[in-house]
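Asks: Number 868 in the working numbering belongs to position 240 of the sequence shown; there are no gaps in the numbering. A virtual CB, placed ideally from N, CA and C, is assigned to each residue, including glycine. Here it is, the structure in full.
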Amino acid sequence: MDRLKNKIVLITGAAGAVGGAVAQAVRKQGGVAITSDVASQKADHILDVASESDWLRAIADVARKHDRLDGLVNAAGLASLGNIEDTDFAAWRKILSVNLDGTFLGCKHAFALLKRKGGAIVNLSSVLGLVGGQNFVAYNASKGGVRLLTKSIALHGARLDPQVRCNSVHPAFLEGPMVDDMIKKTEHPDGARARLTRDIPLGRFGTAAEVAEMCVYLLSDESRFVTGAEFIIDGGLTAR
Ligand SMILES: NC(=O)c1ccc[n+]([C@@H]2O[C@H](COP(=O)([O-])OP(=O)(O)OC[C@H]3O[C@@H](n4cnc5c(N)ncnc54)[C@H](O)[C@@H]3O)[C@@H](O)[C@H]2O)c1
């Protein structure tokens, strides 16, 4: 129950399925979860991850209250469907700005607080940051970007004293609103859900709580020798 004892962890997208489960898991393990999300959602901080001024304000507030940060979980994200022909530039920009710019800004502006005592960043990518899908052009690009952004930050953080670790997490489809909304937009929602489930060797979608457990490990001292790595949690989807 104390794997994150007294660790101060900032979580984006914390009104969502994964961010919410991470906040709960951090508290359960004795840590302090600072939650954030966009203005329309409930959280400790209003933080649109694509807004640099929001980041500066939120980090200044954390610095005033805690003077350090032990962990950052970039869980805010938007899903999108669309291929190269039917995705317009505005839709592309929106997905890239939240999923990739938002993760960059979070890592960048939290870094000074993370390196005070050493810390760990966990970036939510996706299996779609590892393999392509014809109908995920913007999402693929954004999550693939998060994967390599993570490695660059990990290599920089490894050179510091104290060190800052950075890893990415790659879930497949999870139970929750993000996938429900995506499935509703397909031509045959019932068929789409069954097909997606069939593609997963373990025969089901994952849960946000399972992803949160992986995040706890990556935030904790148990993973002190782990950085720049990709953690796949996909029921075997990408093993084929
Ligand atoms: N749900 C899945 O199946 C799945 C699979 C793979 C990866 N992921 C990734 O995991 C992360 C969490 O997904 P989730 O399932 O919790 O989704 P979710 O839709 O339940 O939650 C996402 C949260 O992000 C917030 N958000 C959106 N735009 C934002 C912005 N500009 N600034 C701050 N917050 C913003 C939303 O308000 C929401 O609370 C995302 O990055 C997602 O891409 C999810």
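#1: Going by C-alpha to C-alpha distance, which of A686, S679 and I712 sits closest to H673?
#2: Taking 9 Å as the threshold (C-beta atoms), are V677 and A704 in contact?
#3: Go ahead and pull the three-state DSSP assignment for V854.
#4: Let's see if you can read the secondary structure: which residues bound the beta strand (DSSP E) around D665?
#5: Taking only heavy atoms of ligand 1 into account, decide whether any of them is closer than 8 Å to the Cβ of L675.
#6: Which of the three DSSP states, helix, strand or coil, is assigned to I687?
#7: When you measure from the CB of A837 to every non-hydrogen atom of ligand 1, does any distance come out below 8 Å?
#8: Only counting the same chain, and skipping five residues up and downstream in sequence, which positions put a Cβ closer than 7 Å to that of A786?
#9: Quick one: what's H673 bridged to in DSSP?
#10: When the Cα atoms are used, what is the spatial distance from V797 to R826?
#11: Regarding K736 and ligand 1, is the C-beta to nearest heavy atom distance less than 8 Å?
#12: How would you call N634, buried or exposed, if buried means at least 16 neighbouring beta carbons within 10 angstroms?
#13: Check whether the region 772-782 and the region 794-812 touch, using three or more Cβ-Cβ pairs below 8 Å as the test.
#14: Which partner residues does R589 have in the DSSP bridge list?
#15: Is it true that the region 689-701 meets the region 839-854, where meeting means three or more beta-carbon pairs spaced less than 8 Å apart?
#16: Does DSSP put N768 in a helix, a strand or coil?
#17: When the Cα atoms are used, what is the spatial distance from S754 to K771?
#18: What distance in whole Å lies between the Cβ atoms of A800 and I811, which are believed to be in contact at a cut-off of 8 Å?
#19: Rank S664, A840 and S708 by C-alpha distance to the C-alpha of D809 and give the top, closest one.
#20: For L752 versus V839, is the C-beta spacing smaller than 9 Å?
#21: Under 8 Å, with one C-beta from each stretch per pair, do the region 651-661 and the region 721-729 reach the 3-pair mark?
#22: Among T835, E680 and Q669, which has the Cα closest to the Cα of E803?
Replies: Taking the structure as given:
#1: Nearest C-alpha to H673: A686.
#2: For A704 and V677, yes; Cβs fall inside 9 Å.
#3: V854 falls in the coil class under three-state DSSP.
#4: Note, D665: beta strand (DSSP E), V660 to D665.
#5: Within 8 Å of the C-beta of L675 there is at least one heavy atom belonging to ligand 1.
#6: In the structure shown, I687 adopts helical secondary structure according to DSSP, grouped into three states.
#7: No, since every heavy atom of ligand 1 falls outside the 8 Å radius drawn around the Cβ of A837.
#8: Contacts found: T855.
#9: DSSP lists S664 as partners of H673.
#10: In a straight line, the C-alpha of V797 is about 22 Å away from that of R826.
#11: No.
#12: So N634 ends up on the exposed side.
#13: Output reads yes: the region 794-812 touches the region 772-782.
#14: Given a span of 629 to 868 for the chain in the structure shown, any question on residue 589 remains unanswerable.
#15: Contact holds: three or more Cβ-Cβ distances are below 8 Å.
#16: For N768, the three-state secondary structure derived from DSSP is helix.
#17: Between S754 and K771, the alpha-carbon positions lie close to 6 Å from each other.
#18: Contact annotation, I811 with A800: C-beta distance approximately 14 Å; criterion of less than 8 Å not satisfied.
#19: Measuring from the Cα of D809, the nearest candidate turns out to be S708.
#20: Yes, these two residues count as a Cβ contact at 9 Å.
#21: By the C-beta criterion, the region 651-661 is judged not to be in contact with the region 721-729, since fewer than 3 inter-stretch pairs fall below 8 Å.
#22: The option with the nearest alpha carbon to E803 is T835.
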